[in-house]
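Reading through the structure tokens given below for one structure.
2 protein chains.
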Amino acid sequence: MTISLPLGFHSHVTNIGIKDSSADFTLVRAEGQCAAAGVFTQSRFAGPSVVVSRRHVANLRAHAVVVISKNANVANGSVGMDDAMEVVEGVANALGCATEDVLIASTGVIGRRYPMDRVRAGLMNLPNNPHDVDALAVARGIMTTDTVPKVAEANAGSARVVGVAKGVGMIEPNMATLITLMFTDAAVDGADLDRMFRRVIDKTFNCVSIDTDTSTSDTAIVMASGAAGPVDLEALESAMYEVALSLTKQVARDGEGAEKLIEVCVDQARDEHQAKTIAKSIVNSPLVKTAIHGADPNWGRVAMAIGKCHEFTDVSEDRVIIRFGTQEVFPTPLGDSDLRALSDYMKGEDVRIHVSLGTGTTSATVWGCDLSDGYVRINADYTT
Amino acid sequence: MTISLPLGFHSHVTNIGIKDSSADFTLVRAEGQCAAAGVFTQSRFAGPSVVVSRRHVANLRAHAVVVISKNANVANGSVGMDDAMEVVEGVANALGCATEDVLIASTGVIGRRYPMDRVRAGLMNLPNNPHDVDALAVARGIMTTDTVPKVAEANAGSARVVGVAKGVGMIEPNMATLITLMFTDAAVDGADLDRMFRRVIDKTFNCVSIDTDTSTSDTAIVMASGAAGPVDLEALESAMYEVALSLTKQVARDGEGAEKLIEVCVDQARDEHQAKTIAKSIVNSPLVKTAIHGADPNWGRVAMAIGKCHEFTDVSEDRVIIRFGTQEVFPTPLGDSDLRALSDYMKGEDVRIHVSLGTGTTSATVWGCDLSDGYVRINADYTT
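Following this line, the structure appears as structure tokens:
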């Protein structure tokens with residue numbers, strides 16, 4: 000599979016020795032300043048990359064985005080900020096653009112400085128006319144412990160939307176996401192792009208959770224080169240949604256140790272807040288996640304996860320319906336042979352839980368993954 | 000170890016065949032109606048046992064408490080309520096007391112009816128003058144998947160306080176607890192007992208979390224026989240606190256798959272809500288829990304767990320101090336040899352994380368356990 004970036008974007012992916020010999024330095028640039036937007040983590044420990052990018056994209060314009068992977072550059076005090084600024088200044092010098100037009104994202108271990116001697120050597124060696132790489136290589140360049148690169152594309156009239164994402168753990172973005180970069184050659188005003196991007200992220204990356212842990216580094220950036228000319232905005236938003244939804248599911252499916260994608264749909268809710276809160280309570284419950292890992296149709300745990308959202312006093316056991324796939328499991332009880340059939344369904348790679356609350360007409364869908372001993376093994380020995 | 004119940008209480012523990020041949024029916028009774036209080040789950044799927052006990056203890060009086068283990072009798076519709084009432088009526092008949100003076104608690108699998116033929120046989124066979132069993136046997140009688148019985152005792156003047164608890168999973172009580180039964184022979188007014196019990200539970204069982212999942216069956220009951228006469232109320236509350244704290248730590252240490260007790264203290268907080276929210280965010284983080292399981296001094300994950308509580312805009316990286324045990328790890332960075340020493344500390348059975356926020360003068364302490372592949376194995380195959 001080769002997916003080129005949209006018209007008007009150029010890319011450079013290389014190894015500068017952050018941790019090992021895999022790609023760890025990724026640069027995507029437009030041919031000049033172009034429309035851009037960003038959504039970032041709300042963590043109180045947000046890293047310098049987030050602080051700098053938030054400031055640099057505030058004018059809804061950017062020229063390039065640089066991603067350093069395998070080191071988050073978080074919780075390093077003022078030297079961390081100095082290091083981040085040195086990276087964006089080095090990139091700006093190499094491209095001959097303003098420092099304020101360079102965005103930066105970084106994920107990996109927290110509390111360690113970049114190896115700045117190697118970073119400086121990498122910045123000195125940036126080629127003037129890099130050989131462009133495809134989106135898959137960009138996706139590989141931003142990976143940390145991901146097992147597969149995550150790429151998606153969609154069309155909007157004459158324009159294309161191409162997105163990449165990374166992230167397998169420390170994932171419950173809250174009004175933000177991990178690192179996802181989206182590029183389009185559509186010509187679109189920065190304010191329109193920003194509005195559409197926020198709506199799309201809210202319905203996709205803000206609805207995924209691997210382990211309830213919100214990263215210090217979540218960054219979602221979109222850039223529009225304009226090279227393909229103007230397109231219908233609805234078609235563009237729809238293409239952006241399609242790309243973001245695909246990347247969201249790819250992230251959930253590649254969750255640390257995950258073997259299954261879990262989709263939870265809650266409908267007949269009073270409002271979106273109720274639907275999303277209860278859906279997230281289900282997809283985040285360690286007991287639901289382990290039951291699905293074991294293909295165990297233990298729907299009582301779904302009832303528990305609904306019940307523990309006790310702030311919703313209008314939710315009543317008498318009106319709730321719970322389904323695994325399309326099979327109702329509550330309130331109509333299942334016989335043993337039906338339970339065995341359900342276990343077969345749950346052995347598949349995709350498990351869907353569908354809950355109707357009976358309190359209204361709103362719905363929400365969220366995504367997550369099962370909790371396996373693999374997750375524990377991966378995370379019990381990470382830094383040392 | 001033999002710990003008798005306080006004066007004025009009698010106990011009966013037996014097997015009635017709920018699931019296997021282990022003890023599953025526990026009855027503790029006073030010699031007549033006595034002061035009592037209860038705190039219960041706030042789950043919207045609260046089981047009939049909770050509904051019945053909440054109603055029966057509303058007058059702050061009770062004669063007996065019956066516990067059926069290995070079956071929660073939750074999400075069984077109206078027959079579940081009928082079954083629960085049949086149990087308390089059967090006990091009331093055997094004791095010759097009012098049905099309203101019998102409390103009931105039940106935990107185990109959700110969505111299955113009690114085997115009522117066996118329950119009825121058990122109720123018919125209740126001995127008139129049972130041979131009393133000690134508190135350890137009571138604690139064993141209420142166990143489900145606990146690996147050890149949990150008992151604690153303390154003195155208040157001439158009176159004793161003895162408590163038992165069960166629970167290893169589906170544990171993040173919210174203004175309630177799992178099953179814990181506390182007995183004292185102090186003579187105390189029901190209203191005083193209720194007030195003291197709520198304060199004690201709030202500082203102990205409401206501060207423990209195994210896996211963020213709130214049970215449908217959480218029940219905490221205290222009964223005071225009065226047989227030892229009146230005692231100083233402060234001494235009594237202090238003894239109740241000592242018993243509840245010990246039981247809380249025993250529950251955390253016996254968390255499903257747990258190998259370590261984690262204690263998180265957050266101080267210098269703006270108020271108790273801030274201190275407890277951030278402490279729970281740390282103790283509940285799967286990434287912190289797995290790091291501690293692996294004895295990995297990855298303090299960056301603690302920073303992440305603080306940062307994700309983004310509602311506290313007064314919390315700033317510049318003022319936060321993080322310690323593992325007594326060793327500061329942030330902001331003063333540790334060298335590699337110090338990190339190795341810290342890993343040795345983390346290999347112990349007790350790991351303490353101490354965070355100072357620098358936003359005020361309030362503190363909170365919470366308890367939890369590490370996340371192991373054992374937790375996953377236990378929960379991936381439970382009902383089937």
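Chains F and L, in that order, are what the protein sequence lines are.
In this text, residue positions in the first sequence follow numbering that gives the first Met the number 0: the first is 0, and each later residue adds one.
In this text, residue positions in the second sequence follow numbering that gives the first Met the number 0: the first is 0, and each later residue adds one.
We put the CB at the ideal spot given by N, CA and C, even for glycine.
Beta-carbon contacts of residue i that lie in its chain and below 6 Å, excluding the five residues immediately before and after
i        : result
LEU235/F : ALA155, ALA185
THR364/F : CYS264
THR383/F : Bear in mind that the predicted position of THR383/F carries a pLDDT of just 47, short of 50, making it unreliable; the figure below should be weighed with that in mind. Nothing meets the Cβ criterion.
ALA278/L : VAL263, VAL265, ALA363, VAL365
ARG351/L : GLU262, GLY324
GLY89/L  : LEU122
GLU99/F  : HIS55
THR203/F : ALA243, LEU244, THR247
Same chain only: Cβ atoms within 8 Å of residue i, ignoring 5 sequence neighbours per side
i        : result
LEU59/F  : ALA34, ALA35, ALA36, GLY189, ALA190, LEU192, ASP193
ARG269/L : PHE311, ASP313, LEU356, THR358, GLY359, THR361
Extent of the continuous alpha helix (DSSP H) run through residue i
i        : result
ALA302/L : 299 to 306
SER276/F : Note that residue 276/F is Thr in the sequence shown, not Ser. Element bounds for THR276/F: 271 to 283.
LEU370/F : Careful: LEU370/F lies outside any alpha helix (DSSP H) and carries neither H nor E.
HIS55/L  : 47 to 55
ASN92/L  : 76 to 94
THR13/L  : No alpha helix (DSSP H) holds THR13/L; the beta strand (DSSP E) holding it covers 8 to 13.
LYS18/L  : Unbroken run through LYS18/L: none, as it is neither H nor E.
GLU99/L  : Note, GLU99/L: premise wrong, no alpha helix (DSSP H); not H, not E.
LYS202/L : 189 to 202
GLU236/L : 232 to 252
C-beta neighbour in chain L for residue i, strict 9 Å
i        : result
GLU316/F : yes
GLN41/F  : yes
ASN283/F : yes
VAL375/F : yes
HIS62/F  : no
ARG300/F : yes
ASP380/F : yes
THR289/F : yes
ALA158/F : no
ILE178/F : no
THR218/F : no
LEU370/F : yes
THR1/F   : no
VAL221/F : no
Within-9 Å CB hit, residue i to chain F
i        : result
LYS279/L : no
ASN124/L : no
ARG54/L  : no
PHE311/L : yes
PRO330/L : yes
SER214/L : yes
ASP145/L : no
CYS308/L : yes
ILE200/L : no
GLY76/L  : yes
Cβ neighbours of residue i in the same chain (closer than 7 Å, five flanking residues each side left out)
i        : result
THR143/F : SER68, LYS69, THR106, GLY107, LYS165
ALA238/F : ALA153, ASN154, ALA155, VAL160
ASP343/L : none
LEU246/F : LYS149, ALA151, GLY162, ALA164, THR179
GLU241/F : ALA153
ALA22/F  : VAL12, THR13, ASN14, ARG139, GLY140
Residue i: first and last residue of the uninterrupted beta strand (DSSP E) it sits in
i        : result
MET222/L : 218 to 223
ASP266/F : 260 to 268
Exposed unless 16 or more other CB atoms sit within 10 angstroms - verdict on residue i
i        : result
PRO285/F : buried
ASP19/F  : exposed
ALA138/L : buried
PRO5/L   : buried
HIS292/L : buried
ASP210/F : buried
HIS62/L  : buried
Any contact between the segment 106 to 119 of chain F and the segment 68 to 78 of chain F? By contact I mean 3 or more CB pairs, one from each, below 8 Å. Result yes; three or more Cβ-Cβ pairs closer than 8 Å.
Contact the segment 310 to 319 of chain F vs the segment 345 to 364 of chain F: 3+ CB pairs below 8 Å: Judged by Cβ distances under 8 Å, the segment 310 to 319 of chain F makes contact with the segment 345 to 364 of chain F, as three or more pairs qualify.
Inter-stretch contact at 8 Å, needing at least 3 Cβ pairs: the segment 9 to 21 of chain L / the segment 370 to 379 of chain F: No: the two stretches stay apart, fewer than three of their Cβ pairs being nearer than 8 Å.
Evaluate the contact criterion for the segment 288 to 308 of chain L versus the segment 323 to 340 of chain L: three or more CB pairs, one atom per stretch, below 8 Å. Here the segment 288 to 308 of chain L makes contact with the segment 323 to 340 of chain L; the two share three or more CB pairs at distances below 8 Å.
Could you check whether the segment 45 to 54 of chain L touches the segment 25 to 34 of chain L, counting it as contact only if at least three pairs of C-beta atoms, one from each stretch, sit closer than 8 Å? Touching, no, given that fewer than three Cβ pairs across the two stretches are closer than 8 Å.
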